[in-house]
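Heads up: the sequence lines are chains F and L, in that order. The opening residue of the first sequence carries number 11 in the working numbering; numbering runs sequentially from there. The opening residue of the second sequence carries number 85 in the working numbering; numbering runs sequentially from there. We treat Cβ as the ideally placed atom computed from N, Cα and C, and that holds for glycine. Have a look at the structure below before the remarks.
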Amino acid sequence: MKAASIQTQNLSIGFGKGSEENCLQSGLNLTLQSGELIGVIGPNGIGKSTLLRTLSGLQAPLDGTILINDKQLQRYTKRALAQTIAFVSTEWINISHLRVFDLVALARFPYSNWLGQLNRTDRLLVSESLELTGVLNLQDRLFNTLSDGEKQRVLVARSLAQETPVLIMDEPAAFLDMAHKFELIRTLHTLSREKNKLILISIHDIEVAIQEADKILLLHRRGLSEGSPEDLILNGSLPSIFSEALLQFDIDRGSFYLPREPGTILPLKGEGIRWVWTEKALAKAGFRCVPATTQDDTYVAVETDSWVLHQKAKNSVFNSLGELIKSLSSK
Amino acid sequence: MKNKTIIAQLPLPLQFSFLVVLFALFSFLNLSLGSVTISWNDWWLILQDSADANPSYRKVFFDFRIPKYLTAVFAGAALSVSGLLMQTLFRNPLAGPYVLGISSGASLGVAILVLGQAGILGISGMFLPSNWALIIAALSGSMIVLSILFVVSLRVKNILTILILGVLLGSAATAMVTILQYFSHESSLKSFIVWTMGSLGNVSQPQLKLLIPVISLGLLLAFFANKSLNALLLGETYAKSMGVNILGARILILLSTGILAGTITAFCGPIGFIGIAVPHITRMYFQTSDHRILQFGSILIGSIVLLISDTIAQLPGSDSVLPINSITALIGIPVVIYLIFSHRRLNLYS
C-alpha cells in the first residue's frame with residue numbers, strides 16, 4: 011500500500027463556537043507517517059477522542075490545518091476520505107438482526123455501487139478482516155448476541171475491511187481481556203508494518219502502549235509530547251502525566267502505582283521472588299517491610315514453602331500469605 | 085407465524101414467495117368480502133367483463149372495492165416503509181411515520197377546515213367539506229410541519245433535536261386542535277372525529293390516479309436511501325466515517341417519509357400502529373436489518389396487514405363499517421406482543 015501521512019499545523023481542537031468555545035488542545039503540530047503504530051495516551055477529558063475525531067474529519071477543528079497525504083482534509087470528497095481513513099468509535103452500537111458478516115461488509119460502502127452490492131473481492135476482504143481480528147467463527151452470529159469484547163473485535167474488523175491507508179481507533183481494546191488486548195494491538199502493529207498503514211489508536215492501558223507502540227502522542231495539560239515510549243519515559247514526560255493524581259511511575263517495570271501511607275514497620279527475612287510478593291501483600295495490609303536484622307525479636311521469615319512469624323514467646327507457621335495477614339491484622 | 089424461525093432459514097426468494105401468496109390470498113378475501121355478498125357466478129361475469137354481469141355488483145366491485153383495495157395496499161406499504169425509515173433515522177424502535185408530527189399537522193389542517201370554518205361562517209349545522217378540500221387541508225397541515233423540520237435539519241447537527249422538535253410541533257398542533265374542538269359545534273365536531281378515525285373507503289378513482297403515482301414516488305425515494313440507511317444502522321459517526329452524506333441522506337429520508345405519510349394521512353386520515361409494528365414484524369420475519377430486504381418486505385407485510393384489518397373492519401355481510409384505526413391497533417397489538425414473547429430474546433430493536 012502507498013505510504014500515508016497526517017500532518018497538522020497549529021491545530022486547535024475542542025467543541026462549540028464563539029463564546030461557548032471549549033478548546034481542549036491548541037497549537038498542535040504533528041507529523042505522523044505510515045508504517046507505525048501510534049498510541050495516544052493521556053488522562054480523561056484531555057482531548058484524546060476529540061483529537062482522533064478531528065483528524066478523522068468527523069469533527070471540525072477550531073483552528074489550524076490538517077493535511078492527509080499532503081492534501082487538506084476539507085478538500086477531500088466524502089467518498090475519497092472514506093477510502094483514506096477508517097474510524098473505530100467508542101460509541102455503543104445496538105442493532106437487532108444484523109449479522110456480523112453484514113456489519114463488517116458495511117465497510118465496503120465507499121467502494122460499492124448505489125445499491126451497496128458486494129462483489130467477490132469485497133466478500134474476500136470482509137472474511138480476511140474477520141480472520142485478522144480472530145472473529146471469523148462469529149461471522150453468522152447476530153451482532154447483539156456477542157460479548158463486549160467480541161463486539162469490539164468485530165468493529166475493528168469493520169475498519170480493516172474499509173481498506174484504508176490510515177486507521178484511527180478510539181479505545182479499540184477497552185473491553186478486551188489481557189490476552190486479546192495484546193493480540194489485537196500486536197495484530198495492528200504487524201499490519202502497520204506489513205501493509206504500510208498509519209495506525210493511530212487511543213489506549214488507556216499504558217503498559218500495553220509502552221510495550222507495543224512505535225510512537226506515543228502524550229496529551230497533557232501543557233500540550234502534547236511525542237516520541238517513542240522509551241524516549242518519553244527517559245525524558246520524564248510520561249512518568250509525570252498523572253502526577254496531579256499522585257500516581258508514581260515505576261521506571262523499572264514501566265507501570266504506574268499509587269503510593270501507600272507508611273504503615274507499621276515489620277522486619278522481613280528471606281529472599282527472591284517469594285520475598286517480593288510477600289512484601290507486596292504485607293504492604294497492602296498496612297505493613298512496611300524492612301530487611302530483618304539479628305536484633306529483631308519479632309519478624310516474619312519467608313521459607314520455601316511457608317511463612318514463619320517469629321515472636322519472643324513462640325513461632326507460628328502459615329501456609330499462605332492470606333493466613334499470615336489474617337493473623338497479623340488481628341493483633 | 086409459529087414457524088418463523090424456519091422461515092428465516094429459507095432462501096430469500098422463498099421467503100418472499102410466501103409473502104406474495106399471503107398477499108394474493110388476502111387480496112382475494114378483501115375483494116370478495118363486504119357488505120354485499122356476490123355469488124361465484126356473478127364474480128365470473130364481472131371478471132369476464134360480461135354484459136350479463138349485474139350492473140350494481142359491477143359498480144360495487146369497480147367503484148368501491150377496487151379503489152378501497154388499492155388504497156389499503158398503498159397505504160399499508162407507505163406507512164410501513166415510512167415507519168421503517170423513521171426507526172432507522174432516529175435509531176428508535178418506537179418511532180413511526182407520525183413521530184415528526186405529520187399527522188398532528190394534518191389534523192390541524194382538517195380541524196381548521198372543518199371546525200374553524202364552521203365557526204367563522206357561523207354554520208350551526210354539520211359542515212361537510214368536499215373530499216378534495218379535506219385532502220388539501222390535511223396536506224397543507226402536514227407540509228407546514230415538515231417544512232419547519234426541513235429548515236431545522238439543515239442547521240441542526242444532532243438528529244435527536246429534530247426528533248424532539250417533531251414531537252413538540254406535533255403537541256403544539258394537537259393543542260390548537262383541542263382549542264378548536266372546545267369552541268366548535270357538536271355536529272362539526274363529530275365529522276372531525278370521524279376523520280381522525282381513518283378511512284380507506286373515501287378515496288375515489290380520480291383521487292387514486294394522484295395517490296398511486298405520488299406514493300410510488302415516495303417509495304422510489306426510500307429505495308434510493310437504502311444504502312445510506314444500512315450505513316446509518318451503525319450510527320451517524322460510523323456512517324459519516326464511511327462516506328455517507330449525512331445531510332443528503334437525512335433530507336432524502338425526511339422527504340420520502342413526508343410524501344408517504346403525509347399523502348396517506350391526507351387521503352385516509354391518520355392510520356395508527358401499522359407504521360410502528362410492521363417494520364418490527366418484517367425484521368423478525370426476515371431476521372435481517374438490510375433495508376434492501378426490509379423495504380420490500382415492509383411493503384408486502386404492510387399491505388397484507390392493512391388488507392386484513394380492512395376486511396375485518398368491513399364486518400362482512402353487514403352494513404356497518406368499523407373505524408380502520410381501531411382495527412389496525414386491535415389486530416396488530418396482539419400480533420406484536422405474541423412475537424415479542426415467542427421470541428426468547430425480548431428485544432424488538434435493541
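Close-in-space but distant-in-sequence residues of the same chain around residue i (CB under 6 Å, 5 per side omitted)
| i | result |
| --- | --- |
| L/Val420 | Ala361 |
| F/Ala14 | Ser44, Asn79, Pro175, Val176 and Leu208 |
| L/Ser187 | Thr349 and Pro354 |
| L/Leu129 | Asp136 and Ala137 |
| F/Thr274 | Phe297 |
| F/Leu198 | Leu47 and Ile209 |
| F/Ala96 | Ser169, Gln172, Thr174 and Leu177 |
| L/Pro407 | Met281 |
| F/Gly28 | none |
Nearest neighbour of residue i, chosen from the options [CA to CA]
| i | options | result |
| --- | --- | --- |
| L/Ala413 | L/Phe110, L/Ile358, L/Val298 and L/Leu378 | L/Ile358 |
| F/Asp262 | F/Pro53, F/Arg151 and F/Glu217 | F/Glu217 |
| F/Lys322 | F/Thr308, F/Phe328 and F/Glu289 | F/Thr308 |
| F/Leu47 | F/Gly332, F/Gln305, F/Asp306 and F/Glu204 | F/Glu204 |
| F/Tyr86 | F/Asn54, F/Leu65, F/Lys341 and F/Gly24 | F/Leu65 |
| F/Phe219 | F/Leu201, F/Arg232, F/Lys191 and F/Ala311 | The sequence shown places Ala at residue 219 of chain F, not Phe. Among F/Leu201, F/Arg232, F/Lys191 and F/Ala311, the Cα nearest to that of F/Ala219 is on F/Lys191. |
| L/Ser410 | L/Arg142, L/Thr280, L/His375 and L/His364 | L/Thr280 |
| L/Gly167 | L/Ile415, L/Ile337 and L/Leu301 | L/Ile337 |
| L/Ala306 | L/Leu129, L/Ser382 and L/Leu390 | L/Ser382 |
| F/Gln221 | F/Val166, F/Leu228, F/Pro239 and F/Pro272 | F/Pro239 |
| F/Ser260 | F/Pro249, F/Ser253, F/Glu254 and F/Leu125 | Here residue 260 of chain F turns out to be Asp, not Ser, going by the sequence shown. Checking every option, the nearest Cα to that of F/Asp260 belongs to F/Pro249. |
| F/Thr314 | F/Trp285, F/Ala302 and F/Thr303 | F/Trp285 |
| L/Pro363 | L/Gly193, L/Ile343, L/Leu169 and L/Ser140 | L/Leu169 |
| L/Leu184 | L/Ala345, L/Thr262 and L/Phe102 | L/Ala345 |
| L/Pro95 | L/Asp403, L/Leu390, L/Thr372 and L/Pro407 | L/Thr372 |
| L/Ser312 | L/Ser300, L/Gly319, L/Val328 and L/Val144 | L/Val328 |
| L/Ser325 | F/Leu142, F/Lys225, F/Leu165 and F/Gly55 | F/Leu165 |
| F/Thr100 | F/Leu156, F/Asp112 and F/Lys161 | F/Lys161 |
Nearest-angstrom beta carbon gap, residue j and residue i [assumed within contact, 8 Å]
| i | j | result |
| --- | --- | --- |
| F/Leu268 | F/Leu292 | Their Cβ separation, rounded to whole angstroms, is 17 Å, which puts F/Leu268 and F/Leu292 out of contact at 8 Å. |
| L/Arg367 | L/Leu384 | With a Cβ gap of about 14 Å, L/Arg367 and L/Leu384 do not count as contacting. |
| F/Ile213 | F/His230 | That belief does not hold up - the Cβ atoms of F/Ile213 and F/His230 are roughly 15 Å apart, past 8 Å. |
| L/Ala190 | L/Ser214 | About 17 Å separates the two Cβ atoms, so there is no contact after all. |
| L/Ser387 | L/Val157 | 4 Å |
| F/Val145 | F/Val98 | Not really, about 14 Å apart at Cβ, beyond 8 Å. |
| L/Ser224 | L/Gly193 | 5 Å |
| L/Ser393 | L/Ile365 | That belief does not hold up - the Cβ atoms of L/Ser393 and L/Ile365 are roughly 13 Å apart, past 8 Å. |
Cutoff 8 Å: residue i Cβ touching any chain F Cβ
| i | result |
| --- | --- |
| L/Lys324 | yes |
| L/Gly167 | no |
| L/Gln371 | yes |
| L/Gly319 | yes |
| L/Asn242 | no |
| L/Arg376 | yes |
| L/Asn176 | no |
| L/Gly180 | no |
Minimum Cβ-Cβ distance from residue i to chain L less than 8 Å
| i | result |
| --- | --- |
| F/Ser157 | no |
| F/Ser139 | no |
| F/Asp262 | no |
| F/Lys88 | yes |
| F/Asp112 | yes |
Cut-off 8 Å between Cβ atoms - residues of its own chain near residue i, not counting five sequence neighbours on either side
| i | result |
| --- | --- |
| F/Leu4 | Here chain F comprises residues numbered 11 to 341, so residue 4 of chain F is not present and cannot be evaluated. |
| F/Gln305 | none |
| F/Ser22 | Cys33, Gln35, Ser36, Gly37, Leu38, Pro71, Leu72, Asp73 and Gly74 |
Sequence-distant residues of the same chain with beta carbon closer than 7 Å to residue i, five excluded per side
| i | result |
| --- | --- |
| L/Gly209 | At L/Gly209, the pLDDT of 47 sits below 50, so the modelled position is not reliable; the number obtained from the coordinates is stated separately. If we look at L/Gly209 and ignore the five residues flanking it on each side, its Cβ neighbours are Ser271. |
| F/Ser330 | none |
| F/Asn343 | Since the first and last residues shown for chain F are 11 and 341, residue 343 of chain F lies out of range. |
| L/Arg149 | Leu115 and Gly118 |
| L/Ile228 | Gly189 |
| F/Ile105 | Phe153 and Asn154 |
| F/Ser139 | Val114, Ala167, Leu170 and Ala171 |
Interface flag, residue i vs chain B, CB-CB below 8 Å
| i | result |
| --- | --- |
| F/Gln172 | Among the chains of the structure shown, chain B does not appear; the protein chains present are F and L. |
Practice prompt. Compile a chain-ordered list of the residues in the stretch 356-368 of chain L whose CB is closer than 8 Å to at least one CB of chain F.
Written response: Against chain F - using a Cβ distance shorter than 8 Å - the residues of the stretch 356-368 of chain L are Arg367 and Met368.
Worksheet item: Taking a cut of 8 Å between CB atoms, which residues from the stretch 93-108 of chain F lie near chain L?
Response: Gln93, Ile95, Ala96, Phe97, Ser99, Glu101, Ile103, Asn104, Ile105, Ser106, His107 and Leu108
Worksheet item: Taking a cut of 8 Å between CB atoms, which residues from the stretch 303-316 of chain L lie near chain F?
Response: Phe308, Asn310, Lys311, Asn314 and Ala315
Fill in: Residues, ordered as in the chain, of the stretch 379-399 of chain L that lie near chain F by beta-carbon distance below 8 Å
none
Worksheet entry | Short-range partners of chain L found in the stretch 115-140 of chain F, where Cβ spacing is below 8 Å | Leu116, Ala117, Phe119, Pro120, Ser122, Trp124, Leu125 and Gly126
Worksheet item: the stretch 216-245 of chain F: which residues have C-beta closer than 7 Å to a C-beta of chain L, in chain order?
Response: The residues in question: there are none.
Worksheet item: the stretch 59-92 of chain F: which residues have C-beta closer than 7 Å to a C-beta of chain L, in chain order?
Response: Ser66, Leu68, Lys88, Arg89, Leu91 and Ala92
Item to complete: Could you run through the stretch 322-351 of chain L and flag, in chain order, every residue whose CB is less than 8 Å away from some CB of chain F?
Response: Tyr322, Lys324, Ser325, Met326, Gly327, Val328 and Asn329
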